[in-house]
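Quick notes on the structure that follows.
In our numbering, the protein residues as written are 26 to 298.
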(Lines of atoms letter the chains of each structure in order from A; the text may use other names.)
(Lines give C-alpha, C1' and ligand atoms only; values in the text may rest on other atoms or scores of the structure.)
Protein backbone atom coordinates (compact mmCIF):
# COMPACT_ATOMS: atom_id res chain seq x y z
CA UNK A 26 0.00 0.00 0.00
CA UNK A 27 1.15 3.53 -0.71
CA UNK A 28 3.53 2.61 -3.52
CA UNK A 29 3.87 4.97 -6.46
CA UNK A 30 5.19 4.93 -10.02
CA UNK A 31 7.84 7.50 -10.91
CA UNK A 32 8.17 8.45 -14.57
CA UNK A 33 11.42 9.76 -16.07
CA UNK A 34 9.78 11.31 -19.14
CA UNK A 35 6.84 13.67 -19.51
CA UNK A 36 4.70 14.24 -22.60
CA UNK A 37 3.08 17.67 -22.42
CA UNK A 38 -0.71 17.88 -22.65
CA UNK A 39 -2.79 21.05 -22.53
CA UNK A 40 -6.55 21.07 -23.10
CA UNK A 41 -6.37 24.62 -24.46
CA UNK A 42 -3.79 23.55 -27.09
CA UNK A 43 -6.07 20.62 -27.99
CA UNK A 44 -8.98 23.02 -28.46
CA UNK A 45 -6.84 25.42 -30.53
CA UNK A 46 -5.88 22.72 -33.01
CA UNK A 47 -9.53 21.80 -33.45
CA UNK A 48 -10.80 25.17 -34.67
CA UNK A 49 -11.65 25.76 -38.32
CA UNK A 50 -9.38 27.72 -40.62
CA UNK A 51 -5.95 26.40 -39.63
CA UNK A 52 -3.37 26.03 -42.43
CA UNK A 53 -3.64 22.22 -42.30
CA UNK A 54 -6.44 19.88 -41.28
CA UNK A 55 -3.82 17.17 -40.69
CA UNK A 56 -2.42 18.68 -37.49
CA UNK A 57 -3.93 16.05 -35.21
CA UNK A 58 -3.43 16.79 -31.51
CA UNK A 59 -4.20 13.35 -30.09
CA UNK A 60 -2.32 11.55 -32.84
CA UNK A 61 0.79 13.59 -31.99
CA UNK A 62 0.53 12.79 -28.28
CA UNK A 63 -0.20 9.13 -28.93
CA UNK A 64 2.77 8.85 -31.27
CA UNK A 65 5.15 10.30 -28.69
CA UNK A 66 3.78 8.02 -25.99
CA UNK A 67 4.02 4.95 -28.23
CA UNK A 68 7.66 5.63 -29.14
CA UNK A 69 8.54 5.93 -25.46
CA UNK A 70 6.48 2.87 -24.53
CA UNK A 71 8.26 0.87 -27.23
CA UNK A 72 11.55 1.96 -25.66
CA UNK A 73 10.47 0.49 -22.32
CA UNK A 74 10.20 3.85 -20.57
CA UNK A 75 7.53 4.90 -18.08
CA UNK A 76 5.75 8.06 -19.21
CA UNK A 77 3.68 10.67 -17.42
CA UNK A 78 1.53 13.43 -18.92
CA UNK A 79 2.15 16.94 -17.63
CA UNK A 80 0.90 20.47 -18.24
CA UNK A 81 3.45 22.85 -19.81
CA UNK A 82 2.97 25.30 -16.96
CA UNK A 83 3.64 22.89 -14.10
CA UNK A 84 6.89 22.08 -12.29
CA UNK A 85 8.89 19.77 -14.60
CA UNK A 86 12.30 19.50 -12.96
CA UNK A 87 11.78 15.88 -11.86
CA UNK A 88 11.69 14.77 -15.50
CA UNK A 89 15.10 14.41 -17.24
CA UNK A 90 13.27 14.50 -20.62
CA UNK A 91 10.13 16.38 -21.68
CA UNK A 92 8.47 16.07 -25.10
CA UNK A 93 6.05 18.72 -26.39
CA UNK A 94 4.35 17.15 -29.44
CA UNK A 95 1.54 19.65 -30.12
CA UNK A 96 1.59 22.99 -28.31
CA UNK A 97 0.08 25.16 -31.07
CA UNK A 98 -1.35 27.35 -28.31
CA UNK A 99 1.14 28.27 -25.58
CA UNK A 100 0.74 30.89 -22.88
CA UNK A 101 3.53 33.28 -21.92
CA UNK A 102 3.69 31.65 -18.49
CA UNK A 103 4.07 28.16 -19.92
CA UNK A 104 6.67 29.33 -22.45
CA UNK A 105 8.72 30.87 -19.64
CA UNK A 106 8.35 27.68 -17.59
CA UNK A 107 9.76 25.61 -20.46
CA UNK A 108 12.61 28.07 -20.96
CA UNK A 109 13.48 27.77 -17.27
CA UNK A 110 13.24 23.96 -17.42
CA UNK A 111 15.91 23.84 -20.13
CA UNK A 112 18.10 26.46 -18.48
CA UNK A 113 18.08 24.42 -15.26
CA UNK A 114 19.30 21.24 -16.96
CA UNK A 115 16.32 19.59 -18.64
CA UNK A 116 16.20 18.07 -22.12
CA UNK A 117 13.21 19.33 -24.09
CA UNK A 118 11.92 18.33 -27.53
CA UNK A 119 9.43 20.74 -29.12
CA UNK A 120 7.71 19.57 -32.28
CA UNK A 121 6.44 21.48 -35.29
CA UNK A 122 3.67 24.10 -35.20
CA UNK A 123 4.20 24.84 -31.51
CA UNK A 124 3.92 28.22 -29.82
CA UNK A 125 2.17 29.83 -32.78
CA UNK A 126 -0.61 31.52 -30.75
CA UNK A 127 -1.00 32.75 -27.17
CA UNK A 128 -3.71 31.75 -24.71
CA UNK A 129 -6.13 34.23 -26.31
CA UNK A 130 -5.58 32.62 -29.70
CA UNK A 131 -3.65 35.68 -30.91
CA UNK A 132 -0.87 34.95 -33.40
CA UNK A 133 2.66 35.38 -32.09
CA UNK A 134 4.50 38.25 -33.74
CA UNK A 135 8.15 38.22 -34.75
CA UNK A 136 8.47 34.52 -35.50
CA UNK A 137 7.60 31.29 -33.74
CA UNK A 138 7.51 29.73 -31.20
CA UNK A 139 6.65 31.97 -28.23
CA UNK A 140 9.51 34.31 -27.27
CA UNK A 141 10.90 32.75 -24.06
CA UNK A 142 10.73 29.28 -25.57
CA UNK A 143 12.44 30.48 -28.74
CA UNK A 144 15.35 31.62 -26.58
CA UNK A 145 15.75 28.12 -25.14
CA UNK A 146 15.50 26.47 -28.57
CA UNK A 147 17.88 28.86 -30.33
CA UNK A 148 15.76 29.00 -33.49
CA UNK A 149 13.17 31.19 -35.17
CA UNK A 150 10.42 29.81 -37.40
CA UNK A 151 10.03 32.38 -40.17
CA UNK A 152 7.56 30.60 -42.46
CA UNK A 153 5.55 27.41 -42.41
CA UNK A 154 4.65 25.18 -45.32
CA UNK A 155 1.94 22.53 -44.89
CA UNK A 156 2.51 19.45 -47.03
CA UNK A 157 -0.08 17.70 -49.17
CA UNK A 158 -1.37 14.41 -47.81
CA UNK A 159 0.55 12.47 -50.47
CA UNK A 160 3.74 14.55 -50.10
CA UNK A 161 6.96 13.49 -48.42
CA UNK A 162 10.06 15.58 -48.01
CA UNK A 163 13.54 14.07 -47.64
CA UNK A 164 15.89 15.04 -44.82
CA UNK A 165 19.67 14.92 -44.89
CA UNK A 166 19.83 12.06 -42.36
CA UNK A 167 17.80 9.74 -44.62
CA UNK A 168 14.47 10.18 -42.86
CA UNK A 169 11.39 11.78 -44.37
CA UNK A 170 8.86 14.32 -43.19
CA UNK A 171 5.14 14.60 -43.85
CA UNK A 172 2.18 16.86 -42.94
CA UNK A 173 4.15 20.02 -42.12
CA UNK A 174 7.45 21.78 -42.75
CA UNK A 175 8.96 25.07 -41.65
CA UNK A 176 11.63 27.52 -42.70
CA UNK A 177 13.90 27.91 -39.67
CA UNK A 178 16.68 30.31 -38.87
CA UNK A 179 19.20 29.02 -36.35
CA UNK A 180 19.93 31.58 -33.65
CA UNK A 181 22.49 29.62 -31.65
CA UNK A 182 21.18 26.11 -32.32
CA UNK A 183 23.13 23.49 -34.25
CA UNK A 184 21.53 21.75 -37.22
CA UNK A 185 21.31 17.97 -36.78
CA UNK A 186 19.32 17.32 -39.96
CA UNK A 187 18.34 19.63 -42.83
CA UNK A 188 15.75 19.45 -45.58
CA UNK A 189 17.36 17.80 -48.58
CA UNK A 190 14.98 18.82 -51.37
CA UNK A 191 12.43 21.35 -52.54
CA UNK A 192 12.02 24.97 -51.53
CA UNK A 193 13.46 24.30 -48.07
CA UNK A 194 16.60 22.46 -49.21
CA UNK A 195 19.40 23.28 -46.78
CA UNK A 196 17.08 24.74 -44.14
CA UNK A 197 17.30 23.17 -40.66
CA UNK A 198 14.73 20.47 -39.96
CA UNK A 199 16.02 19.17 -36.61
CA UNK A 200 18.06 21.34 -34.27
CA UNK A 201 19.64 21.22 -30.82
CA UNK A 202 20.53 24.19 -28.64
CA UNK A 203 22.65 23.95 -25.51
CA UNK A 204 21.04 26.50 -23.23
CA UNK A 205 22.01 27.00 -19.59
CA UNK A 206 22.74 23.50 -18.36
CA UNK A 207 20.13 21.82 -20.57
CA UNK A 208 19.24 21.19 -24.19
CA UNK A 209 16.37 22.46 -26.32
CA UNK A 210 15.60 20.36 -29.42
CA UNK A 211 13.23 21.41 -32.21
CA UNK A 212 11.67 19.21 -34.90
CA UNK A 213 10.00 21.14 -37.72
CA UNK A 214 8.20 18.28 -39.52
CA UNK A 215 6.41 15.00 -38.79
CA UNK A 216 9.13 12.36 -39.11
CA UNK A 217 8.47 8.90 -40.51
CA UNK A 218 8.08 6.16 -37.90
CA UNK A 219 11.64 4.86 -38.08
CA UNK A 220 13.11 8.36 -37.97
CA UNK A 221 10.96 9.34 -35.01
CA UNK A 222 11.85 6.19 -33.07
CA UNK A 223 15.54 6.88 -33.70
CA UNK A 224 15.14 10.46 -32.51
CA UNK A 225 13.39 9.38 -29.31
CA UNK A 226 16.12 6.81 -28.65
CA UNK A 227 18.75 9.51 -29.10
CA UNK A 228 16.93 11.87 -26.74
CA UNK A 229 16.65 9.16 -24.10
CA UNK A 230 20.38 8.58 -24.35
CA UNK A 231 21.12 12.31 -24.08
CA UNK A 232 18.88 12.56 -21.00
CA UNK A 233 20.34 9.44 -19.38
CA UNK A 234 17.03 7.57 -19.36
CA UNK A 235 16.98 3.81 -19.95
CA UNK A 236 14.28 1.13 -20.00
CA UNK A 237 12.70 0.20 -16.68
CA UNK A 238 13.84 -3.41 -17.10
CA UNK A 239 16.67 -3.85 -19.63
CA UNK A 240 16.62 -6.90 -21.88
CA UNK A 241 12.87 -7.28 -22.32
CA UNK A 242 11.57 -7.75 -25.88
CA UNK A 243 9.19 -5.33 -27.56
CA UNK A 244 5.58 -5.26 -26.32
CA UNK A 245 6.50 -6.44 -22.85
CA UNK A 246 5.52 -3.64 -20.51
CA UNK A 247 7.46 -3.02 -17.32
CA UNK A 248 6.63 -0.59 -14.53
CA UNK A 249 8.46 -0.18 -11.22
CA UNK A 250 6.49 0.76 -8.12
CA UNK A 251 8.28 2.43 -5.20
CA UNK A 252 7.18 2.21 -1.55
CA UNK A 253 8.00 4.92 1.04
CA UNK A 254 10.17 2.43 2.98
CA UNK A 255 12.43 1.79 -0.03
CA UNK A 256 10.87 -1.44 -1.28
CA UNK A 257 10.33 -1.80 -5.03
CA UNK A 258 8.22 -4.06 -7.24
CA UNK A 259 8.46 -4.70 -10.96
CA UNK A 260 5.12 -5.19 -12.71
CA UNK A 261 5.49 -7.01 -16.03
CA UNK A 262 2.74 -7.43 -18.65
CA UNK A 263 3.25 -9.48 -21.80
CA UNK A 264 1.27 -7.96 -24.68
CA UNK A 265 2.71 -10.42 -27.20
CA UNK A 266 0.84 -13.49 -28.54
CA UNK A 267 3.65 -15.84 -27.46
CA UNK A 268 5.54 -16.47 -24.20
CA UNK A 269 8.65 -14.39 -23.60
CA UNK A 270 11.75 -15.37 -21.61
CA UNK A 271 12.66 -13.19 -18.63
CA UNK A 272 16.21 -11.85 -18.15
CA UNK A 273 16.46 -14.06 -15.04
CA UNK A 274 14.17 -16.46 -13.13
CA UNK A 275 11.70 -14.50 -11.02
CA UNK A 276 9.40 -15.11 -8.06
CA UNK A 277 5.86 -13.87 -8.73
CA UNK A 278 4.21 -12.28 -5.68
CA UNK A 279 0.75 -12.80 -7.19
CA UNK A 280 0.98 -16.59 -7.47
CA UNK A 281 3.95 -17.47 -5.28
CA UNK A 282 5.56 -19.39 -8.14
CA UNK A 283 8.99 -19.07 -9.73
CA UNK A 284 9.20 -18.96 -13.51
CA UNK A 285 11.57 -18.04 -16.32
CA UNK A 286 9.06 -16.92 -18.96
CA UNK A 287 5.88 -14.86 -19.07
CA UNK A 288 2.89 -16.38 -20.94
CA UNK A 289 0.88 -14.47 -23.59
CA UNK A 290 -1.21 -11.82 -21.87
CA UNK A 291 0.48 -12.73 -18.61
CA UNK A 292 1.12 -10.37 -15.71
CA UNK A 293 3.61 -10.77 -12.88
CA UNK A 294 4.63 -8.71 -9.84
CA UNK A 295 8.26 -9.21 -8.81
CA UNK A 296 9.95 -7.92 -5.66
CA UNK A 297 13.26 -6.20 -6.45
CA UNK A 298 14.32 -4.67 -3.13
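Glycine included, every Cβ here is placed at the ideal spot set by N, Cα and C. This one's a predicted model, so the numbers in the text were calculated from it and none came from an experiment.
If you draw a 10 Å sphere on the C-beta of residue 44, you find fewer than 16 other C-beta atoms in it, and that means exposed. Counting C-beta pairs with one atom in each stretch, the stretch 112 to 128 and the stretch 193 to 211 have three or more that are closer than 8 Å, which means they touch. Beta-bridge pairing by DSSP links residue 155 to 173. The secondary-structure analysis by DSSP pairs residue 209 across a beta bridge with 117 and 202. In chain order, 168, 170 and 224 place their CB closer than 7 Å to the CB of residue 216, counting only its own chain and leaving out the 5 sequence neighbours on each side.
Distance from the CA of residue 143 to the CA of residue 248, rounded to the nearest whole angstrom, comes to 35 Å. Sixteen is the threshold: since fewer than 16 other Cβ atoms of the shown chains lie within 10 Å of the Cβ of residue 78, the residue is exposed. With contacts defined as CB atoms closer than 8 Å, residue 72 and residue 229 qualify as a contacting pair.
Runs of the beta strand (DSSP E) spanning 3 or more residues and lying entirely within the stretch 55 to 115 occur at 76 to 79 and 90 to 93, in chain order.
Sequence-distant partners of residue 75 (beyond 5 residues in either direction) whose C-beta falls short of 7 Å from its own C-beta, in its chain, are 30, 32, 33, 237 and 248. Three or more Cβ pairs closer than 8 Å define a contact, and the stretch 157 to 168 meets that threshold against the stretch 182 to 194. Its Cα nearest to that of residue 268, the residue 292 stands out among 292, 124 and 253. By the Cβ neighbour-count rule, residue 274 is exposed, with fewer than 16 other Cβ atoms within 10 Å of its own. Membership of residue 232 in the alpha helix (DSSP H) is indicated by the continuous run 218 to 232. Annotation: the continuous alpha helix (DSSP H) that includes residue 144 extends over 140 to 146.
Residue environment analysis places residue 54 among the exposed positions, since fewer than 16 neighbouring C-beta atoms fall within 10 angstroms of its C-beta. Apart from the 5 residues on each side of it in sequence, residue 186 sits with its Cβ closer than 6 Å to the Cβ of 164, 165, 166, 198 and 199 in its chain, given in chain order.
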